[in-house]
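In full-length UniProt numbering, the protein residues as written are 1 to 269.
Please read the structure below before turning to the comments.
Right, here's the structure in full:
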């Protein structure tokens, strides 16, 4: 499973080239696993598409407003792109599923390179999902685009990075796959609900809106709304992205400090 990683990491060149080599080794292995299992593609791509088609804009509180279907589709895309939390956490647990964690403890690759390689494939899938759903909503569902694609891409990249950092942190703090999965789904639903991904922020109770400010979802949707229904102002997009990246940096720093290759974890409860 991880033979290519084990064989290449100890002899990898130092410096930037060595860092990139380690990231690439782990990323290729994780991508092969995700491609073979296919469940990530179902949850990240198919499920939000199905829910958007079934529920439409009614669930978002927009009803028949212009571009409502497109905005609802973006909300579901944001919600399920955050499955990157689950799949990032599972990427780290995979070493315990396949009993290769002892090998990783012996190799001890650079923590940042190891973490980036583990989460990169799930991040890429979630990022592509956000771009595809936004493009589809703009072309077929009447979603306006008053900003530009670069704003959407920047927001999407920041959002999935925050999810991968949170997934790494949950892995570092938990001791079993079941605990991580339960916490991940709790995050998925709660952040989406109070962050405005399911029901637009304006239609939420006051206390929910207040909690939403603590979620990356609120700021991602603020930036996406500015790029679509708003005036496309870069100041709003960059401010929102900065908040998301701050959340990402806090989670990533805490995860790296808490992570230890020697930790003992379990693939079941």
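Where is the CB? At the ideal position from N, CA and C, for every residue including glycine.
Cβ-based burial, residue i [other Cβ within 10 Å; buried from 16]
{"i": "residue 207", "result": "exposed"}
{"i": "residue 148", "result": "exposed"}
{"i": "residue 160", "result": "buried"}
{"i": "residue 213", "result": "exposed"}
{"i": "residue 71", "result": "buried"}
{"i": "residue 95", "result": "buried"}
{"i": "residue 260", "result": "exposed"}
{"i": "residue 93", "result": "buried"}
{"i": "residue 39", "result": "exposed"}
{"i": "residue 228", "result": "buried"}
{"i": "residue 102", "result": "exposed"}
{"i": "residue 154", "result": "buried"}
{"i": "residue 258", "result": "exposed"}
{"i": "residue 226", "result": "buried"}
{"i": "residue 130", "result": "buried"}
{"i": "residue 168", "result": "buried"}
Reduced DSSP secondary structure (H/G/I, E/B, other) of residue i
{"i": "residue 266", "result": "strand"}
{"i": "residue 11", "result": "Per-residue confidence for residue 11 stands at a pLDDT of 43, beneath the threshold of 50, marking its modelled position as unreliable; the derived number appears in the next sentence. Three-state result, residue 11: coil."}
{"i": "residue 261", "result": "coil"}
{"i": "residue 61", "result": "coil"}
{"i": "residue 100", "result": "coil"}
{"i": "residue 47", "result": "helix"}
{"i": "residue 38", "result": "coil"}
{"i": "residue 228", "result": "helix"}
{"i": "residue 204", "result": "coil"}
{"i": "residue 199", "result": "coil"}
{"i": "residue 216", "result": "helix"}
C-beta contact flag for residue i and residue j at 7 Å
{"i": "residue 52", "j": "residue 76", "result": "yes"}
{"i": "residue 232", "j": "residue 218", "result": "no"}
{"i": "residue 222", "j": "residue 240", "result": "yes"}
{"i": "residue 83", "j": "residue 43", "result": "yes"}
{"i": "residue 162", "j": "residue 247", "result": "yes"}
{"i": "residue 61", "j": "residue 250", "result": "no"}
{"i": "residue 73", "j": "residue 133", "result": "yes"}
{"i": "residue 50", "j": "residue 220", "result": "no"}
{"i": "residue 166", "j": "residue 85", "result": "yes"}
{"i": "residue 67", "j": "residue 143", "result": "yes"}
{"i": "residue 158", "j": "residue 245", "result": "yes"}
Three CB pairs or more closer than 8 Å across the stretch 112–129 and the stretch 18–33: Yes, the stretch 112–129 touches the stretch 18–33.
The stretch 104–115 contacting the stretch 182–198, beta-carbon criterion three pairs below 8 Å: Cβ pair count under 8 Å is below three, so no.
Contact the stretch 248–264 vs the stretch 167–181: 3+ CB pairs below 8 Å: Judged by pairs of C-beta atoms under 8 Å, the stretch 248–264 touches the stretch 167–181, as three or more such pairs exist.
Unbroken stretches of the alpha helix (DSSP H), 4 residues or longer, contained in the stretch 132–185: For the stretch 132–185, whole alpha helix (DSSP H) runs of length 4 or above, ordered along the chain, are 149–173.
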